[in-house]
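J.: Start counting the sequence shown at -8; every next residue gets the next number (my numbering).
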Amino acid sequence: MSNPGTARVPRRYKIPESVLVVIHTTALDVLLIERADHAGYWQSVTGSLDQADEPLFAAARREVLEETGIDAMLHRLADWHMENVYDIYPEWLWRYEPGVTRNTEHVLGLTLDARVPVRLAPREHLSHAWLPWREAAARCFSPSNAAAILRLPDHLART
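(1) Could you work out which residue in S133, R130, V107 and E96 is closest to H15 when comparing CA atoms only?
(2) Between the region 139 to 150 and the region 86 to 95, do three or more beta carbon pairs fall short of 8 Å?
(3) Excluding the five sequence neighbours on either side, which residues of its own chain have a C-beta within less than 7 Å of the C-beta of A51, listed in chain order?
(4) Taking the continuous alpha helix (DSSP H) assigned at A138, which residues delimit it?
(5) Just curious, the alpha helix (DSSP H) that V55 is in, first and last residue?
(6) Would you decide whether R130 is buried or exposed? Buried here means 16 or more other CB atoms lie within 10 Å of its CB.
(7) Since R26 is in the beta strand (DSSP E), which residue starts that stretch and which ends it?
(8) Return the chain-ordered list of same chain residues with a C-beta closer than 6 Å to the C-beta of I24, the five sequence neighbours on each side being excluded.
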């Protein structure tokens, strides 16, 4: 019989489905944030779904607020209908259930009229930068993030 005082709590693994939220102004300035766990890795807001049935817009709003302090409800959040499936970076595989090696990323855009103040989650990010869209794409470590930013003018033209 096992001792309830020593029972191990099962580790909660990340769901291999995430949102990537490109936060940008109407003037095509893009917000990038630098990862705390990997200095020099710049990216848009990204994060896994908390539950398999969490709606994408809910996940996007939650991640934007947690990572930047920006309330997405005050701006225009749009599903870009882009989905990327990629191999999870080896240094982050431990966060997922054994055997999970690929992630599905849903791309959304958050349009702001102008730059707003940013409040970073210090455990997650070191710094932030507002950059012109081409410069932001060039700084991203993730090819799918860079590709999404490069499509920004097309998405704005359609809205």
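Note that the Cβ used here is the ideal one computed from N, Cα and C, for glycine as well. Here the structure is a predicted model, which is why all the values come from computation and not from measurement.
T.: So, to answer that:
(1) For the purposes of this step, residue 15 is taken as residue 24 along the sequence shown, with counting starting at 1. When each option's Cα is compared against that of H15, the closest is V107.
(2) With a cut-off of 8 Å, the region 86 to 95 and the region 139 to 150 do not count as touching, because too few Cβ pairs lie within range.
(3) Residue mapping note: residue 51 aligns to position 60 of the sequence shown, counting from 1. Counting only residues of its own chain and dropping the five nearest sequence neighbours on each side, A51 has a CB closer than 7 Å to the CB of V10, V12, A63, L68 and L99.
(4) What you label residue 138 is simply residue 147 of the sequence shown in a count that begins at 1. Counting along the chain, the alpha helix (DSSP H) containing A138 begins and ends at P134 to L141.
(5) Translated into the one-based positions of the sequence shown, residue 55 becomes position 64. Element bounds for V55: L47 to T59.
(6) For this step, residue 130 is matched to residue 139 along the sequence shown. Buried is the call here.
(7) Residue mapping note: residue 26 aligns to position 35 of the sequence shown, counting from 1. Where R26 is concerned, the enclosing beta strand (DSSP E) starts and stops at D20 to R26.
(8) Mapped onto the sequence shown, residue 24 falls at position 33. H116 and H119.
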